[in-house]
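Trainee:
Protein chains in written order, with the working numbering: chain A, 3 to 211; chain B, 45 to 486.
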């Protein structure tokens, strides 16, 4: 039945969702269609998160269920059927900081919302951000940091992008537990987001989609 | 019949011990007066029986104090003298009401000997100027709940410690200590301790112990000195919310979140198992230090980190039991609440008057005061962003609002919202000096 997987995944019913996918594949249901349903479910999860019906554990768990579903679907998907991406976003946790939970949530939400994400990882040196902007021409950079030490290193990375003459080619968003408007102004970022859904919203505003 | 001592009497006793400052040589009569005034102020804001003379002020920092005196996190972890000199200079120069605990920084040599893997330490996997940071991982596996719940100490010794400390890996080959009973088994069960790798692990513990002891002597001497300067140490012991012990220390954030869906009963059993252990740890800390305050950094129950239903089910009952259990023993839980707690304030109403202090980070302080301010001390809330990027004037303005709202009628302590690792001299001076000047109750 169309839409059943959307409901099961968006309601975080792991076992039922997995059973449904298995049975559907046995019956010869198109894997691509199921993947689309899973994506639609993730869009709903994001909406529920934005409206404070869902919280971080729900996002993480939905990601876990999705991972299981994609594993089951993968052998049945035709190669090269990849959907067109909205645009590229560079994401990384700034130098000196190894926190990755917030950063990973942003990567995950950008990905399920159709962006191509270049994840630079954690403790990313200033130059790596500059090089990534140069090499990919990506119009959006997301910098993450949980420590107060990250304020300086976000500023350093943004200054370096500026020094490389690339500042007007990119929009820069920052995020992390202690990030607020004061910190945004200090670092020279274009915007800050309080969570992964805001990161998606910012990227959509800048790239479109 | 044995006379039962009430919680209030126990608390009085602990406050008396704290005030008595045994072994402390005060530098001057002023220092002695400042010491007692600071404790009196703290007692007033927590118990909420009297309005204090003024709003007390505390600066919460981990690597902040070393940073202000040019000591890097790496140096702070390896050069204890340098780190402690910075702590003393900080108190002398900034004059907050209380001293924090430099012991929270730990000693690099001990971590090195034990091969500690749960954190990245300055100079080991991160730069010497970065602070230590937790490495997210599953230190306990999804199917290990039964073993943990069955015998947490055995789980710690034979499973967690071998994983977390490289040098203690051989401990996993031991059998449970409870196997070792009576003459018939003593000899057989001692055999594993003859195994060279196990002996190596035990030697590492001995070496680490010697280093830690040398370090501890310096820490203790510095604590006596800071008390003598008129600054009571604010942290007598430490404990952890049972859910955080599971989610921070054992399972890691992601896995613990997923466990709430996949194995909720095991999560509940684990936090129930931890609760008496967490109470005992806090009480023993306070007993040993002679200070009633038990520091409890709270993490995974913050707004957004779980739903209301999950907080109610998985986080709050054991945290509440821990707070009540500590209060019952006369301790003062210091709930250090990073992030925000706006959606949890209703739960905090369940806590009895004067049972604890909450130091908030991003919680709406007007709402917090309104919700629990008639019976529970609400402190903190000076944002780290403002402290690091703002001006002295902006900080004063922020503190003025806090004193006018959260500080109204007492029951408030000025404090920054997170434990800082860097700082700006002018904003810290502004926070302390302005509070001492504007925070006087008439």
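Cβ coordinates follow ideal geometry from the N, Cα and C atoms, glycine included.
What is the rounded straight-line gap between the Cα of residue 461(B) and the Cα of residue 56(B)?
Mentor: By one-based count along the second chain, residue 461(B) stands at place 417. By one-based count along the second chain, residue 56(B) stands at place 12. Residue 461(B) and residue 56(B): Cα-Cα distance of roughly 28 Å.
Trainee: Give a yes or no on whether 8 Å exceeds the smallest Cβ distance from residue 309(B) to chain A.
Mentor: Your numbering for residue 309(B) matches position 265 in the second chain. It does not; no Cβ of chain A falls within 8 Å.
Trainee: Are the Cβ atoms of residue 7(A) and residue 40(A) separated by less than 8 Å?
Mentor: Position 5 of the first chain, counting from 1, holds the residue named residue 7(A). Position 38 of the first chain, counting from 1, holds the residue named residue 40(A). Taking 8 Å as the Cβ cut-off, residue 7(A) and residue 40(A) qualify as a contacting pair.
Trainee: On the three-state DSSP scale, how would you describe residue 473(B)?
Mentor: As a working mapping, residue 473(B) is identified with position 429 in the second chain. Of the three classes helix, strand and coil, the one that applies to residue 473(B) here is helix, per DSSP.
Trainee: Against residue 174(B), what residues of chain A qualify as contacts under a CB-to-CB distance less than 9 Å, listed in chain order?
Mentor: Locating residue 174(B) in the second chain gives position 130, counting from the first residue. Under the 9 Å cutoff, chain A gives 97, 98, 99, 100, 125, 149, 151.
Trainee: Tell me whether residue 484(B) is buried or exposed, calling it buried when 16 or more other Cβ atoms sit within 10 Å of its Cβ.
Mentor: Indexing the second chain from 1 puts residue 484(B) at position 440. By the neighbour-count rule (16 or more Cβ atoms within 10 Å), residue 484(B) is not buried but exposed.
Trainee: Around the Cβ of residue 224(B), are there at least 16 other Cβ atoms within 10 angstroms (buried) or fewer (exposed)?
Mentor: Along the second chain, one-based indexing puts residue 224(B) at 180. It is exposed - the Cβ of residue 224(B) has fewer than 16 other Cβ atoms within 10 Å.
Trainee: Quick check: the Cα distance between residue 63(B) and residue 79(B), rounded to an integer number of angstroms?
Mentor: In the second chain, the residue the question calls residue 63(B) occupies position 19. In the second chain, the residue the question calls residue 79(B) occupies position 35. Distance between the alpha carbons of residue 63(B) and residue 79(B) is about 8 Å.
Trainee: Looking at the C-beta of residue 298(B), does it have a partner C-beta in chain A at a distance below 8 Å?
Mentor: Translated into positions along the second chain, residue 298(B) becomes position 254. Residue 298(B) counts as touching chain A.
Trainee: Leaving aside the five residues before and after residue 107(A) along the sequence, list all residues of the same chain whose C-beta is less than 8 Å from its C-beta, in chain order.
Mentor: On the first chain, position 105 is the one that residue 107(A) refers to. Contacts found: 58, 61, 62, 197, 198.
Trainee: When DSSP labels each residue in this structure, what does residue 235(B) get in the three-state scheme?
Mentor: Residue numbering aside, residue 235(B) sits at position 191 when the second chain is read from its first letter. In this structure, residue 235(B) counts as helix in the three-state DSSP scheme.
Trainee: If I follow the unbroken beta strand (DSSP E) through residue 121(A), where does it start and stop?
Mentor: Position 119 of the first chain, counted from the start, is the residue given in the question as residue 121(A). From DSSP, the beta strand (DSSP E) with residue 121(A) extends over 118-121.
Trainee: Return the residues of the region 412-432 of chain B that lie within a Cβ-Cβ distance of less than 9 Å from chain A, sorted by chain order.
Mentor: Listed by position, the residues of the region 412-432 of chain B near chain A (Cβ gap below 9 Å) are 427, 428, 429, 430, 431, 432.
Trainee: Going by other Cβ atoms of all chains shown within 10 Å of its Cβ, with 16 needed for buried, is residue 220(B) buried or exposed?
Mentor: On the second chain, position 176 is the one that residue 220(B) refers to. Classification for residue 220(B): exposed.
Trainee: Using the beta-carbon of each residue, which ones in chain B are nearer than 8 Å to residue 14(A)?
Mentor: Residue 14(A) sits at position 12 when you count from the first residue of the first chain. Going along chain B in sequence order, the residues near residue 14(A) (Cβ under 8 Å) are 305.
Trainee: Output the distance between the C-alpha atoms of residue 77(B) and residue 267(B), rounded to the nearest integer angstrom.
Mentor: Taking the first residue of the second chain as 1, we reach residue 77(B) at position 33. Taking the first residue of the second chain as 1, we reach residue 267(B) at position 223. Computed Cα separation, rounded: 17 Å.
Trainee: Which residues does DSSP pair with residue 11(A) in a beta bridge?
Mentor: Taking the first residue of the first chain as position 1, residue 11(A) is located at position 9. None, per the DSSP bridge assignment.
Trainee: Between residue 278(B) and residue 330(B), what straight-line distance do the alpha-carbon atoms span, to the nearest angstrom?
Mentor: Translated into the one-based positions of the second chain, residue 278(B) becomes position 234. Translated into the one-based positions of the second chain, residue 330(B) becomes position 286. Approximately 11 Å, taken between the alpha carbons.
Trainee: What residues match up with residue 177(B) in a beta bridge as DSSP calls it?
Mentor: Taking the first residue of the second chain as position 1, residue 177(B) is located at position 133. Paired residue(s): 164(B).
Trainee: Which residues bound the alpha helix (DSSP H) around residue 131(A)?
Mentor: Here residue 131(A) refers to the residue found at position 129 when the first chain is read from its first residue. Residues 128-138.
Trainee: Are the beta-carbon atoms of residue 193(B) and residue 285(B) separated by less than 8 Å?
Mentor: Position 149 of the second chain holds residue 193(B). Position 241 of the second chain holds residue 285(B). No, these two residues do not count as a Cβ contact at 8 Å.
Trainee: Roughly how many angstroms lie between the CA atoms of residue 304(B) and residue 123(B), to the nearest whole one?
Mentor: Sequence index remark: in the second chain, residue 304(B) carries index 260 (1-based). Sequence index remark: in the second chain, residue 123(B) carries index 79 (1-based). Whole-angstrom Cα-Cα distance: 42 Å.
Trainee: What would DSSP say about residue 51(A), mapped onto helix, strand or coil?
Mentor: Here residue 51(A) refers to the residue found at position 49 when the first chain is read from its first residue. Looking at residue 51(A) - three-state DSSP - the assignment turns out to be helix.
Trainee: Do the region 182-198 of chain B and the region 290-304 of chain B make contact, defined as three or more Cβ pairs closer than 8 Å?
Mentor: At 8 Å Cβ cutoff, the stretches touch.
Trainee: Judging by CA-CA distance, which residue of 202(A), 203(A), 177(A) is the nearest neighbour of residue 191(A)?
Mentor: Indexing the first chain from 1 puts residue 191(A) at position 189. Nearest of 202(A), 203(A), 177(A) to residue 191(A), Cα basis: 177(A).
Trainee: Let me know the secondary structure DSSP gives residue 395(B) once reduced to three states.
Mentor: The count along the second chain starts at 1 and reaches residue 395(B) at position 351. The answer is coil: DSSP assigns residue 395(B) none of H, G, I, E or B.
Trainee: Unbroken alpha helix (DSSP H) runs of length 4 or more, entirely within the region 311-379 of chain B: which are they?
Mentor: Listed in chain order, the complete alpha helix (DSSP H) runs (minimum 4 residues) inside the region 311-379 of chain B are 360-372.
Trainee: When Cβ atoms are compared, which residues of the region 50-70 of chain A fall closer than 8 Å to chain B?
Mentor: Cβ contacts with chain B: 56, 57, 58, 59, 60, 62, 63, 66.
Trainee: Would you kindly check if the distance between the Cβ of residue 272(B) and the Cβ of residue 66(B) is under 8 Å?
Mentor: Taking the second chain and counting its residues from 1, one reaches residue 66(B) at position 22. Taking the second chain and counting its residues from 1, one reaches residue 272(B) at position 228. No, they are not a contact pair.
Trainee: Given that residue 192(A) touches chain B, what residues does it touch there, using C-beta distances under 7 Å?
Mentor: Counting from one through the first chain, the residue named residue 192(A) turns up at place 190. By Cβ distance, chain B contributes nothing, its closest Cβ being about 17 Å from residue 192(A), past 7 Å.
Trainee: List, in order along the chain, the chain A residues whose C-beta lies closer than 7 Å to that of residue 171(B)?
Mentor: Numbered from 1 along the second chain, position 127 holds the residue referred to as residue 171(B). Near residue 171(B) (Cβ distances below 7 Å), the residues of chain A are 98.
Trainee: Please decide whether residue 316(B) counts as near chain A, where near means a Cβ-Cβ distance under 8 Å.
Mentor: As a position in the second chain, residue 316(B) is number 272, starting the count at 1. Not closer than 8 Å to any Cβ of chain A, the Cβ of residue 316(B) fails to qualify, so no.
Trainee: Give the residues of chain A in contact with residue 302(B), contact being defined as C-beta atoms less than 7 Å apart.
Mentor: Here residue 302(B) corresponds to residue number 258 of the second chain, with the count starting at 1. The answer, in chain order, is 62, 63, 66.
Trainee: If you measure from the beta carbon of residue 18(A) to each beta carbon in chain B, is any gap under 8 Å?
Mentor: The count along the first chain starts at 1 and reaches residue 18(A) at position 16. For residue 18(A), the answer is no, since every Cβ of chain B falls outside 8 Å of its Cβ.
Trainee: How many angstroms separate the CA atom of residue 388(B) from the CA atom of residue 128(B)?
Mentor: Along the second chain, read from residue 1 onward, the residue named residue 388(B) stands at position 344. Along the second chain, read from residue 1 onward, the residue named residue 128(B) stands at position 84. So the alpha carbons of these two residues sit roughly 37 Å apart.
Trainee: If you follow the alpha helix (DSSP H) that residue 443(B) is in, where does it begin and where does it stop?
Mentor: On the second chain, residue 443(B) is found 399 positions in, with the first residue counted as 1. Start and end: 436-449.
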